[in-house]
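Structure first, commentary second.
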Amino acid sequence: MSVFSTCPHCADTAPTRRSVITGLAAAAVVPAAAAPAAAASSDVDERFMRIAIAEARRADYPFGAVIVRDGKSLASGRNLGRTTDDPTAHGEMVAIRRALARHGSKALKDATIYTSGEPCAMCMGAILWCGFGRMVFAASVEQLATRINQIMISSADLAAKAPYAPISITGGVLADEAMKLFGPPR
Ligand SMILES: [Zn+2]
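Mind the numbering: the sequence shown is residues 477 to 662 in our numbering, read in order.
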């Protein structure tokens, strides 16, 4: 598959494209070739994103996530907002809490989190506090906002405000599949 560099906004009109953004220079779009970790692993990215999307398919609201380290899943999670009557039970938060309980915080440092929807401000804050090295999302906040309420700030904008926690962000991986879990535009 070809990998293009673009911004999350452009990804709305070109869903097969991907953005590769570093936390330290979120405003600058880095060509995929300049980010080997992101560019070299598209098949792996799609494999784990399919797991996140499978979680989303079973979720209260269609969001799922999986945390990966050294090619292995540490934990997965899906939105449990209704089941647990907990508005903070987003897929990423559930996966992070499970990974922490099983493996401790050191295991999350420099790990990768795959999520079917670009993380909200709460989840991206948690991702940065945990020191993840990479975050890969499918549908962008802007895409999701056509179907469900969103806090309108991008993960890259949040990451840019936390220079102590550099993170590589890749967006748009299987975005169409993630969006199919929602109904038609509202
Ligand atoms: Zn969230």
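Beta carbons are placed, not taken as given, at the ideal position from N, Cα and C, and that holds for glycine.
DSSP places L604 in the uninterrupted alpha helix (DSSP H) bounded by 597-606. Cβ-Cβ separation between S631 and P595: approximately 5 Å, consistent with a contact (criterion under 8 Å). Taking all protein chains in view, the Cβ of T588 is crowded by 16 or more other Cβ atoms within 10 Å, so the residue is classified as buried. According to the DSSP assignment, M611 belongs to the beta strand (DSSP E) that extends over 610-615.
As DSSP reads the structure, T588 sits in a beta bridge with V544, R610.
Look at which beta carbons fall closer than 7 Å to any heavy atom of ligand 1; those residues are H566, E568, M569, P595, C596, M598, C599.
Under DSSP, S552 takes part in a beta bridge, and its partners are V542. Counted as a single uninterrupted DSSP element, the alpha helix (DSSP H) harbouring G567 occupies residues 567-579. Of the other Cβ atoms in all chains shown, 16 or more fall within 10 Å of the Cβ of P538; this residue is therefore buried. DSSP links G557 through a beta bridge to no other residue. Taking a 10 Å sphere around the C-beta of D521, we find 16 or more other C-beta atoms and assign the residue as buried. A straight line joining the alpha-carbon of G557 with that of G547 spans about 29 Å. Cβ-Cβ distances below 7 Å link F658 to P538, R623, I624 in the same chain, with the five nearest sequence neighbours on each side left out; the list follows chain order. Taking a 10 Å sphere around the C-beta of R578, we find fewer than 16 other C-beta atoms and assign the residue as exposed.
Comparing alpha-carbon positions, the option among I529, K656, D561 lying closest to E568 turns out to be I529. With 16 or more other Cβ atoms inside 10 Å of its own Cβ, Y590 counts as buried.
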